[in-house]
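Enquirer: Chains A and B, in that order, are what the protein sequence lines are.
Positions in the first sequence are counted from 1; adding 1 to them yields my numbering.
Positions in the second sequence are counted from 1; adding 58 to them yields my numbering.
A virtual CB, placed ideally from N, CA and C, is assigned to each residue, including glycine.
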Amino acid sequence: MTDTNHAQVVIIGGGVVGCALFRRFSMSGLRPVLLEAGGDILSGASKGNSALLHTGFDAPHGSLELSCMQQGYREYLAIREKLNLPLVKSGAIVVAWNDEQIQKLDEIVAKAHANNVGEVTRVDREQLRKMEPLLSPKALAGVHVPGEHIIDPWSAPLAYVRQGLAHGGIVLRNCRVTGGHFNGVWHLETSQGEITADLVINAAGNQGDIIEAINRPAPFKITPRKGQFVVFDKPAARLVKAIILPVPTERTKGVVICRTAFGNLLVGPTAEDQEDRIHAAVDEAALRQLVARGVEMLPGLANVDVSAVYAGLRPATEFKDYQITAQPDRRWITVAGIRSTGLTGALGIAQHVAGLYAASFGRLNEMEPIWTPVPNLCEENTRPYQSPLGADIVCHCEWVTRGEIVAALAGDFPAGDVGGLKRRTRAMMGRCQGFYCSAHVMALAEGKIAS
Amino acid sequence: MKTHDVVILGAGPAGLSAAAELKRLGHRDIVILDRESQGGGIPRHCGHTGYGLLQFGRLMTGPDFAKRLVDQVSDLDLRLGHTVLKLEPNGRIQTTGPNGPETFQAQKILLAMGARETPRSARLVSGTRPWGVMNTGALQQFAYLHGKAPFQHPIVIGTELVSFSTLLTLGHVGVKAVAMLEAHARITARRPADWVARIAFGVPVLTGCSEFTIRGQGKVEGVTFRRHGRERVLEGDGIIFTGQFRPETGLLTQSHLELDPGTRGPVIDQLYRCTDASYFAAGNLLRGIETAGQCYREGKSAAHAIHAALDDTLPASAAPIRIEATGALSYVYPQRLTGRGPYDPLLFKARVGEAVKGTLRVLADGREIWSRPINALPERRIAWRVPAVDLSNTHHLTIDLTPRS
Ligand SMILES: Cc1cc2nc3c(=O)[nH]c(=O)nc-3n(C[C@H](O)[C@H](O)[C@H](O)COP(=O)(O)OP(=O)(O)OC[C@H]3O[C@@H](n4cnc5c(N)ncnc54)[C@H](O)[C@@H]3O)c2cc1C
Ligand SMILES: Cc1cc2nc3c(=O)[nH]c(=O)nc-3n(C[C@H](O)[C@H](O)[C@H](O)COP(=O)(O)OP(=O)(O)OC[C@H]3O[C@@H](n4cnc5c(N)ncnc54)[C@H](O)[C@@H]3O)c2cc1C
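1) Is the region 28-40 of chain A touching the region 159-177 of chain A, taking contact as three or more C-beta pairs under 8 Å?
2) My output table needs one value for glutamate 356(B): the three-state DSSP class, helix, strand or coil.
3) List the residues of chain C that asparagine 157(B) touches, going by C-beta distances under 8 Å, in chain order.
4) What residues from chain A crowd round histidine 204(B), counting only those whose CB sits closer than 7 Å?
5) In its own chain, which residues sit with a C-beta less than 8 Å from the C-beta of aspartate 393(A), not counting the 5 before and 5 after it?
6) Might you give, ordered along the chain, the residues of its own chain that have their beta carbon closer than 7 Å to the beta carbon of glycine 185(B), omitting 5 neighbours on each side?
7) Let me know if threonine 61(B) comes out buried or exposed under the rule of 16 or more other beta-carbons within 10 Å of its beta-carbon.
8) Who are the Cβ neighbours of phenylalanine 283(B) in its own chain at under 8 Å, not counting the five residues just before and after it?
9) Could you check whether the Cβ of glutamine 208(A) sits closer than 8 Å to any heavy atom belonging to ligand 1?
10) Between glutamine 434(A) and chain B, is any beta-carbon pair separated by less than 9 Å?
11) Do you know how far the Cα of phenylalanine 26(A) is from the Cα of tryptophan 187(A)?
12) Closest by CA to threonine 396(B), which one among Tyr389(B), Leu404(B), Ile427(B)?
13) I need the DSSP call for glutamine 9(A), collapsed to helix, strand or coil.
14) Rounded to a whole number of angstroms, what is the C-alpha to C-alpha distance between valine 447(B) and serine 429(B)?
15) Taking the CB atoms as reference points, tell me whether alanine 413(B) and arginine 439(B) lie closer together than 9 Å.
16) Chain A partners of tryptophan 253(B), CB-CB under 7 Å?
17) Could you give the distance in angstroms between the alpha-carbon of glycine 232(B) and the alpha-carbon of glutamine 210(B)?
18) Taking only beta-carbon atoms, is glycine 280(B) less than 9 Å away from chain A?
19) Taking the alpha-carbon positions, what's the asparagine 157(B) to leucine 390(A) distance?
20) Could you tell me whether the Cβ of leucine 395(B) comes closer than 9 Å to any Cβ of chain A?
21) Which word fits leucine 143(B), buried or exposed, when buried means at least 16 other C-beta atoms lie within 10 angstroms of its C-beta?
22) Quick one: give me the first and last residue of the alpha helix (DSSP H) that arginine 294(A) is part of.
23) Specify, as a first and last residue, the run of the beta strand (DSSP E) that glycine 280(B) falls within.
24) If you reduce the DSSP assignment to three classes, tell me which class asparagine 203(A) lands in.
25) Tell me whether cysteine 396(A), by its Cβ, gets closer than 8 Å to a heavy atom of ligand 2.
26) Quick check on DSSP: helix, strand or coil for serine 75(B)?
27) Confirm, please, whether the CB-CB distance from valine 89(B) to isoleucine 364(B) is below 9 Å.
28) Could you tell me the alpha carbon to alpha carbon distance between glycine 356(A) and methionine 298(A), rounded to whole angstroms?
29) Using the beta-carbon of each residue, which ones in chain A are nearer than 7 Å to alanine 196(B)?
30) With DSSP collapsed to three states, give me the class of alanine 180(B).
31) So for asparagine 216(A), helix, strand or coil by DSSP?
32) By DSSP, does serine 29(A) sit in helix, in strand, or in coil?
33) Spatial neighbours of histidine 103(B) within its chain, please: CB distance less than 6 Å, with the 5 preceding and 5 following residues excluded, ordered by chain position.
34) Output yes if chain B places a C-beta closer than 9 Å to the C-beta of proline 236(A); else output no.
35) Ligand 1 and proline 392(B): does the residue's C-beta get closer than 8 Å to at least one heavy atom of that ligand?
36) How many whole angstroms separate the CB atoms of threonine 384(B) and threonine 300(B), which I take to be in contact at a CB cut-off of 8 Å?
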């Protein structure tokens, strides 16, 4: 931070949205300061999602969400190679399992076309069988959406932050905002003392309304919507190619089956409203249901072990759309309620917010981008363990090398806690969950992160 | 590429005893591969005593036992830091290690990759996912390989034999468990292990616990569970899920070899041979946990089968007789018989999931050829020999345990 603890722009919250905002404002030369309460970035909603890059084919027509998603989607594709971010071109199929759902398929195609998502077509039972031969024969028909893809949900925001750092931004972790007041300048109270700012951006995810209350009575209330997942081990990833989506209902997009960039397979998420904004607990009954539903849709899963389970909290409000507004007189921008599409939307949200900034606070420059490629964790691309120079594998399930772990703990933005280390390397995240390697990994991390 | 006589995957008790026996039988062209930086397998980090009595004539600690095993084959080609990545048909495997990617070709391959405990995830346990939840195997590595206590007041879940190894391991780093919790009405390890827990370690053992929920954000804060119809809360800063061993089959599930859903290990015949005749398997990879001594013996037996196979004196593995476990049995192995007989007395091993009293029967195509009353406990392996019988026209053996009503 600067000596005076003053920033032109402070972003509260290092989720994927905060990270993308940080990148955008850093690249404009504003040297933003990102404040994250957790020990590392992605301590909230962004640590547990489905990792899908959505086309927006089923998003509400004309919504801000749709435009941010589509902008975000385009920008991700445009920058991903320079940042070494993966793209698993799986495509998706919305699958109907009964007549009632079949009735809805034409509507889905029409909506996709209205949303300008091309190449979306109906597939009949036979075509479905050809595309996904291992799917249960109870699958009756579907809609093919070739543009839906799978990405790495942790490396993307990490790359955004790194690029922001390269452009002069500052990240403070373990820095919780607890209050503040405005007298022409913002005085934020934080766990690391007072920080003043010309402009505050609230990107606090599930704490969005609480942070908003520092500025004004929050015009929305966050009610976290939990989503639980079951991760099946590697052999499951060979059972299906496309992302299998259900025909959406009012409350959620329903249970999805999809591969991960890391070569596993997810079944989830659930959709459960809760008051607790912090704890994303799994529960056995729900996990069992997910396993059963997964096996019902993809019978081959019966023979594959569960390797991991997790849950994430969607920052949902009483409104369907994103809650993004600027209050120029208060020098505050609200970026809240990024419920279930924030991974896709983040870069687009950042563009939109940059637009709001330019409209109210002044021109933004465009600096020549400095590219900061991140290590690859995606099984489709070459990984360090495959190096012809030799590999010293520490995590035997996910084949993570000593070099990868040491690198994630070093440099100008090392992993801040155990979770951060796992998200940056995948160590201890495989089928044995650290039986073989956790002592070794923690020995490498000793003195470098708080455990 | 050179074709080795034998490549052994895994330098634990099973793999190393097989190597020693093959050496004794006159073989020298043997490569042993292990991904760790030291040979010995699990005993490497099992710092308490409990090993070696039958193999080396005295009770020793795991690390001493591991060293003895490694020393026995010091003149063989043991390559450490080599991870096997892929098993391919006809004795070809892909590895990586200090020299980068390598391909090994062997006439015969012995799979001896061992077993591990089931983590909280695969048990589908409820709750948050804080740091401080682990298995005994990980705890042992913290305590015995690094001299570290990852927590000070842990809660131990499970009462298998290994759960008492957990208490010993904790004691090594000066930590006392808050309690041991068991789902069943009685403890799994043979009594009086609960007396040992209570008296020697001062740790209360609570049976009949259900609905475990892990608490804590960032770090473990405790566990809630139900007991006698009431919800209970125990505070603690670590949770150790002990036992529920499963074969380390990450490689096998992605290979051409057939697995048995009962044992979760590879399907083998009476000669430790897998469904690809160039592969053999021994030790805990076959079915989860047995003692190191048992794994050692299996390694030895597999070595004899491999020796015969290299001599071309093993029966062909085509048209096998399938063996199926029914009734109260969770599994039986071998899962098939090969060759047309006559067989030596057939050795079967099985386990039950719950304590059962009943009759164990062997049926050849539905006709009973052997039976015996049995009192089976889940922690105890059931092993028996069926005298040599003519099975030349048999297609199917059924091993059944029907509980006495
Ligand atoms: C189950 C599930 C599945 C999903 N699947 C997908 C998908 O497939 N594709 C997709 O595009 N999107 C998906 N999403 C949505 C996506 O994950 C979210 O939209 C996104 O993570 C929201 O990011 P955020 O930055 O707004 O919030 P968060 O990630 O919650 O970030 C907010 C950050 O602010 C920090 N913070 C909070 N309070 C303070 C404070 N007082 N001081 C400092 N810092 C603070 C928190 O620690 C947190 O790190 C899914 C979400 C869930 C839960
Ligand atoms: C906590 C604990 C306490 C125990 N206490 C006792 C006791 O007191 N007395 C007793 O008799 N038994 C005890 N046992 C059981 C005993 O340790 C095991 O039965 C024995 O080690 C099994 O031998 P194994 O050779 O089958 O497998 P392991 O010992 O597990 O060896 C397998 C080897 O294979 C290697 N490997 C696996 N996959 C690969 C791969 N892909 N590439 C390369 N190498 C690979 C591993 O690194 C390992 O070295 C205990 C076990 C545990 C876990």
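Expert: So, from the data block:
1) By the Cβ rule, the region 28-40 of chain A counts as touching the region 159-177 of chain A, because three or more pairs are nearer than 8 Å.
2) Under the three-state reduction of DSSP output, glutamate 356(B) falls in the helix class.
3) The structure shown contains no chain C; the protein chains it does contain are A and B.
4) Within chain A, the residues near histidine 204(B) are Ala440, Ala444.
5) Counting only residues of its own chain and dropping the five nearest sequence neighbours on each side, aspartate 393(A) has a CB closer than 8 Å to the CB of Thr402, Arg403, Gly404.
6) Cβ neighbours of glycine 185(B) within its own chain (closer than 7 Å, five residues either side excluded): Thr271, Ile272, Arg273.
7) So threonine 61(B) counts as exposed.
8) Closer than 8 Å at Cβ, skipping near neighbours: Leu239, Cys267, Ser268, Glu269, Phe270, Thr271, Glu289, Arg290, Leu292.
9) At a threshold of 8 Å, glutamine 208(A) counts as near ligand 1, since its beta carbon sits closer than that to one of the ligand's heavy atoms.
10) Yes, because at least one Cβ of chain B sits closer than 9 Å to the Cβ of glutamine 434(A).
11) When rounded, the distance between both Cα atoms is 18 Å.
12) Cα-wise, what sits closest to threonine 396(B) is Leu404(B).
13) The answer is strand: DSSP assigns glutamine 9(A) an E or B state.
14) Annotation: valine 447(B) to serine 429(B) spans about 14 Å, alpha carbon to alpha carbon.
15) Pairing alanine 413(B) with arginine 439(B) gives a Cβ-Cβ distance that is not under 9 Å.
16) Simply none; closest approach about 29 Å.
17) Each residue's Cα considered, the two are about 8 Å apart.
18) With a threshold of 9 Å between beta carbons, glycine 280(B) makes no contact with chain A.
19) Near 6 Å, if we compare the C-alpha coordinates of leucine 390(A) and asparagine 157(B).
20) Put simply, the CB of leucine 395(B) is far from chain A, with every gap to its CB atoms at 9 Å or more.
21) By the neighbour-count definition (other C-beta atoms within 10 Å, threshold 16), leucine 143(B) is a buried residue.
22) Where arginine 294(A) is concerned, the enclosing alpha helix (DSSP H) stretches over 285-298.
23) That run of the beta strand (DSSP E) goes 280-285.
24) Strand.
25) Incorrect: cysteine 396(A) has no Cβ contact closer than 8 Å to ligand 2.
26) In this structure, serine 75(B) counts as helix in the three-state DSSP scheme.
27) Isoleucine 364(B) is not a Cβ neighbour of valine 89(B), given a cutoff of 9 Å.
28) Cα to Cα, glycine 356(A) sits roughly 44 Å from methionine 298(A).
29) Counting only Cβ-Cβ distances below 7 Å, alanine 196(B) has contacts in chain A at Gly435, Phe436, Ser439, Ala440, in chain order.
30) In the structure shown, the three-state DSSP call for alanine 180(B) is coil.
31) Residue state, collapsed to three classes: helix.
32) In the three-state reduction of the DSSP assignment, serine 29(A) falls in the coil class, being assigned neither a helical nor a strand state.
33) The residues are Gln198, Gln199, Tyr202, Leu203.
34) Contact with chain B is found for proline 236(A), since one of that chain's Cβ atoms lies less than 9 Å from the residue's Cβ.
35) Because no heavy atom of ligand 1 lies under 8 Å away, the Cβ of proline 392(B) does not count as near it: no.
36) That pair is no contact at about 30 Å.
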